[in-house]
Amino acid sequence: MENMLNKRVLTGNEAIARGFYEAGGIIAASYPGSPTVEILEKLKEYEEIYSEFSTNEKVALEVAIGGSIYGVRSIATMKHVGVNIASDPLMTFTQTPTKGGFLLVTGDDPGLSSSQNEQDNRIFGKFANMGIVDPSDSQEAKEFTIKALELSEKFSIPMMLRITSRLCHSRSVVTINDRIVPNYTRGIDKDFQKYCMIPPQSRDKQFFMKERLEELEAYAYETELNLLELKENSDTLIITSGLMYNNLKELDIDASIWKLGLLYPISKKKAKEITDKFSKIIILEEMKPFIENELKLMGINCIGKELFRFTGELHQHLIEEGLYKAGLVESVKTADFKLKETVMRPPVFCTGCPHRPTFDILKKSKAKIVIGDIGCYSLAAMPPFEQSNTIISMGASLGMIKGVQKAMDLYNETQPLVAVIGDGTFFHSGLPGFINLLHQRKEKQNITIIILDNRTTAMTGGQSNASSGLYNESDDMKVGIKTLIESMGFDRVKEINQYDYKAATKLIKEEIDYDGISIVVANGPCALRYNIEQPYYYVEPHTCISCRSCIKTACPPLRMVKYEGIDKLKSSIDKDMCIGCSVCAQVCPVNAIKSSVPVDRRNEI
Numbered sequence: 001m002e003n004m005l006n007k008r009v010l011t012g013n014e015a016i017a018r019g020f021y022e023a024g025g026i027i028a029a030s031y032p033g034s035p036t037v038e039i040l041e042k043l044k045e046y047e048e049i050y051s052e053f054s055t056n057e058k059v060a061l062e063v064a065i066g067g068s069i070y071g072v073r074s075i076a077t078m079k080h081v082g083v084n085i086a087s088d089p090l091m092t093f094t095q096t097p098t099k100g101g102f103l104l105v106t107g108d109d110p111g112l113s114s115s116q117n118e119q120d121n122r123i124f125g126k127f128a129n130m131g132i133v134d135p136s137d138s139q140e141a142k143e144f145t146i147k148a149l150e151l152s153e154k155f156s157i158p159m160m161l162r163i164t165s166r167l168c169h170s171r172s173v174v175t176i177n178d179r180i181v182p183n184y185t186r187g188i189d190k191d192f193q194k195y196c197m198i199p200p201q202s203r204d205k206q207f208f209m210k211e212r213l214e215e216l217e218a219y220a221y222e223t224e225l226n227l228l229e230l231k232e233n234s235d236t237l238i239i240t241s242g243l244m245y246n247n248l249k250e251l252d253i254d255a256s257i258w259k260l261g262l263l264y265p266i267s268k269k270k271a272k273e274i275t276d277k278f279s280k281i282i283i284l285e286e287m288k289p290f291i292e293n294e295l296k297l298m299g300i301n302c303i304g305k306e307l308f309r310f311t312g313e314l315h316q317h318l319i320e321e322g323l324y325k326a327g328l329v330e331s332v333k334t335a336d337f338k339l340k341e342t343v344m345r346p347p348v349f350c351t352g353c354p355h356r357p358t359f360d361i362l363k364k365s366k367a368k369i370v371i372g373d374i375g376c377y378s379l380a381a382m383p384p385f386e387q388s389n390t391i392i393s394m395g396a397s398l399g400m401i402k403g404v405q406k407a408m409d410l411y412n413e414t415q416p417l418v419a420v421i422g423d424g425t426f427f428h429s430g431l432p433g434f435i436n437l438l439h440q441r442k443e444k445q446n447i448t449i450i451i452l453d454n455r456t457t458a459m460t461g462g463q464s465n466a467s468s469g470l471y472n473e474s475d476d477m478k479v480g481i482k483t484l485i486e487s488m489g490f491d492r493v494k495e496i497n498q499y500d501y502k503a504a505t506k507l508i509k510e511e512i513d514y515d516g517i518s519i520v521v522a523n524g525p526c527a528l529r530y531n532i533e534q535p536y537y538y539v540e541p542h543t544c545i546s547c548r549s550c551i552k553t554a555c556p557p558l559r560m561v562k563y564e565g566i567d568k569l570k571s572s573i574d575k576d577m578c579i580g581c582s583v584c585a586q587v588c589p590v591n592a593i594k595s596s597v598p599v600d601r602r603n604e605i
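The structure is reproduced here in structure tokens:
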């Protein structure tokens with residue numbers, strides 16, 4: 001019987017972290033973002049590895065680059081759009097020789113379960129001249145992490161591990177092994193031609209990149225990372241990679257399968273040797289036709305996106321539909337799985353979220369243009385608040401509001417403009433936008449920036465940031481947002497307690513009326529992260545006038561109910577859900593909502 005003591009059931013994210021640990025990895029950096037956030041969280045459990053959530057993905061990549069250049073195995077993990085932020089150092093670093101193994105883990109998101117776009121970072125990997133591996137389950141996620149670091153050192157090339165949301169969060173059995181630390185040759189090489197990317201060296205590096213990719217392609221001819229499964233008497237070959245391999249296997253199709261673990265570069269020689277034996281070549285892959293295009297560039301006749309859709313996840317039903325179109329199956333037997341319809345529950349701010357009162361105030365203000373950003377507060381774009389005209393990318397609200405204002409100015413149009421940005425996004429990519437607001441500003445330009453400071457990167461799981469007071473997790477370092485903004489040269493910077501509805505309303509309306517650039521730092525700790533809980537509130541039904549002012553704040557404990565002996569529906573608060581933030585009591589015009597303990601404790605939050 002196989003020894004089960006070294007078996008674990010791990011998610012893909014956990015398996016990658018385990019693989020980096022077993023490979024003797026030393027430096028790990030990330031910026032939190034679904035679907036990859038748990039990799040770094042798991043790596044933090046290993047004392048032998050230095051792990052950090054960096055200020056943004058660019059900095060995370062640079063931290064990992066530093067470790068690699070010093071000679072130790074390093075990893076940077078991020079969601080797919082994070083690679084956009086990291087692309088500046090990435091596109092230059094990949095020209096240099098790799099000393100310590102370097103691995104970039106990118107989490108793609110087919111179906112956009114938690115992302116603003118569906119970009120396919122396999123294209124980015126090729127664009128950056130990296131080798132790409134694509135695991136199909138948690139065991140391979142661990143193995144490929146180790147192997148990619150080895151290949152990185154063997155061929156002096158940065159590697160990309162490309163995973164998807166489904167693999168990140170699905171679980172399978174993984175074999176656990178001991179940590180083996182390579183005999184590192186540590187230190188920075190004093191050879192400016194290696195790492196100083198100025199034009200003379202950069203020109204030479206174009207040939208260097210080409211040569212090492214050719215060497216990696218030669219390795220791809222015989223690599224064990226790729227798997228060929230031949231089906232007797234079959235004239236059809238299906239080429240696939242990643243999680244699609246498992247979906248395909250479950251269908252038990254009468255066709256041979258070539259699974260690409262080493263996704264890029266593909267060995268031209270091997271591809272032609274294999275495909276020449278088949279009359280029909282089908283490519284199964286999610287999103288862009290990456291493998292399909294690579295094979296067509298080799299002159300191989302194949303079909304893929306003619307059969308399978310270009311967006312979203314490909315489940316068995318959709319795969320079988322595509323194979324039916326290709327004439328490979330006689331009928332579609334798998335059921336098109338559909339969830340039973342339930343009562344719609346749109347996403348809302350958490351109970352006691354400090355951002356709720358701010359957007360309720362904005363909704364009642366005269367600001368008609370509110371430029372949003374990326375964070376929990378993106379929820380304000382939806383009912384009942386509907387207080388974001390745009391949401392594009394992290395930090396974009398600041399540049400966009402300036403562009404809107406300048407366009408209005410050229411047409412002599414005036415109206416209040418508001419932008420909102422969270423504390424995590426402020427540190428991630430907001431600082432350049434703030435500094436740019438000072439450039440060519442006029443005295444009379446009605447712009448109000450609200451910085452929503454809940455002292456955490458909440459949307460991705462409550463990770464610490466520079467506003468948390470525990471940024472380094474071993475000390476109490478905290479960057480003061482108001483002080484930092486004032487040091488830039490802004491002369492109108494105010495702070496509010498988001499839970500103090502009356503004071504916050506007065507200040508926000510004053511700043512919106514102010515004819516110039518004003519900045520409001522709206523403070524209030526994340527109720528979920530900091531486990532805020534105060535005496536619950538309740539409704540006096542005979543005082544309640546059913547105006548629904550409290551209901552319109554969309555706090556989950558609030559609902560309209562029928563009280564015994566009262567005809568009209570009245571407000572009610574689920575005391576088990578209420579955390580006592582008091583916002584509902586403050587918006588009530590008739591004082592019908594009371595604290596279960598007759599003490600005003602808002603200032604203790």
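Numbering (the UniProt record's numbering), first residue to last: 1 to 605. Every residue, glycine too, gets a C-beta built ideally from N, C-alpha and C. Model, not experiment: these values are computed from the prediction.
Is residue i helix, strand or coil by DSSP?
| i | result |
| --- | --- |
| Asp191 | coil |
| Arg529 | coil |
| Leu112 | coil |
| Gln415 | coil |
| Leu161 | strand |
| Met394 | coil |
| Glu604 | Confidence in Glu604 is poor, its pLDDT being 49 and thus under 50, which makes the residue's placement unreliable; the coordinate value appears in the next sentence. Reduced to three states, the DSSP call for Glu604 is helix. |
| Leu410 | helix |
| Thr275 | helix |
| Val590 | coil |
| Ala28 | strand |
| Tyr245 | helix |
| Leu452 | strand |
| Thr553 | helix |
| Lys79 | strand |
| Ser267 | coil |
| Val348 | coil |
| Met1 | Caution applies to Met1, whose pLDDT of 48 falls short of 50 and renders its modelled position unreliable; the value that the coordinates give is listed next. If DSSP states are grouped into helix, strand and coil, Met1 belongs with coil. |
| residue 688 | The structure shown has nothing for residue 688, since the chain only spans 1 to 605. |
Quick one: what's residue i bridged to in DSSP?
| i | result |
| --- | --- |
| Ala503 | Partner(s): none; Ala503 has no beta bridge. |
| Arg171 | Thr11 |
| Glu495 | Val521 |
| Tyr537 | Ser595 |
| Gly131 | Met159 |
| Phe102 | Ser74 |
| Ser51 | Ala28 |
| Lys44 | Answer is none; Lys44 lacks a bridge partner. |
| Leu262 | Val133 |
| Gly312 | Gly312 pairs with nothing; no bridge assigned. |
May I ask which residues mark the beginning and end of the beta strand (DSSP E) holding residue i?
| i | result |
| --- | --- |
| Glu229 | Leu227 to Glu229 |
| Lys570 | Leu569 to Ile573 |
| Val561 | Leu558 to Lys562 |
| Thr240 | Thr236 to Thr240 |
| Ser138 | First-last for Ser138: Ser138 to Lys154, but that is the alpha helix (DSSP H), not the beta strand (DSSP E). |
What distance in whole Å lies between the Cβ atoms of residue j and residue i, which are believed to be in contact at a cut-off of 8 Å?
| i | j | result |
| --- | --- | --- |
| Glu81 | Asn117 | The residue asked about is misnamed: residue 81 is Val in this sequence, not Glu. With 8 Å as the limit, Val81 and Asn117 qualify as a contact, their Cβ atoms being about 6 Å apart. |
| Val420 | Gly372 | 6 Å |
| Glu45 | Asn13 | Contact doesn't hold; Cβ gap of about 13 Å is too wide. |
| Lys478 | Ser467 | 7 Å |
| residue 611 | Ala218 | This structure leaves residue 611 out entirely; the chain is present only between 1 and 605. |
| Ser267 | Leu230 | Actually they are not in contact, since the Cβ atoms of Ser267 and Leu230 sit about 18 Å apart, beyond 8 Å. |
| Thr358 | Ala504 | 7 Å |
| Asn121 | Thr106 | 4 Å |
Closer than 6 Å by C-beta to residue i: which residues in its own chain qualify, once you throw out the five before and the five after it? Chain order, please.
| i | result |
| --- | --- |
| Gly424 | Thr457 and Asn465 |
| Leu167 | Gly12 and Leu243 |
| Arg601 | Unreliable positioning characterises Arg601 in this predicted model, as indicated by a pLDDT of 49, which lies under 50. The coordinate reading is nonetheless provided below. Answer for Arg601: Gln534, listed in chain order. |
| Ser595 | Pro535 and Tyr537 |
Can you list, in chain order, the residues of its chain with a C-beta nearer than 7 Å to that of residue i? Leave out the 5 residues immediately preceding and following it.
| i | result |
| --- | --- |
| Leu10 | Arg18, Ser138, Arg171 and Val174 |
| Arg309 | Leu318 |
| Leu112 | Glu118 |
| Lys269 | Tyr221 |
| Met459 | Gly375 and Cys376 |
Please go through the same chain and pick out, in chain order, the residues whose beta-carbon is closer than 8 Å to the beta-carbon of residue i, but skip the five residues on each side of it.
| i | result |
| --- | --- |
| Glu215 | Phe155 |
| Met159 | Gly101, Phe102, Leu103, Leu104, Met130, Gly131, Ile132, Val133, Ala148, Leu149, Leu151 and Ser152 |
| Ile391 | Gln116, Gly372, Asp373, Ile374, Ser378 and Ala381 |
The alpha helix (DSSP H) spanning residue i covers which residue range?
| i | result |
| --- | --- |
| Leu284 | It is not in any alpha helix (DSSP H) - Leu284 instead sits in the beta strand (DSSP E) that spans Lys280 to Leu284. |
| Ile579 | Ile579 -> no alpha helix (DSSP H), and no H or E assigned at all. |
Check whether the Cβ of residue i lies closer than 8 Å to any Cβ atom in chain B.
| i | result |
| --- | --- |
| Met197 | Checking the listed chains, one finds no chain B in this structure; it contains a single protein chain. |
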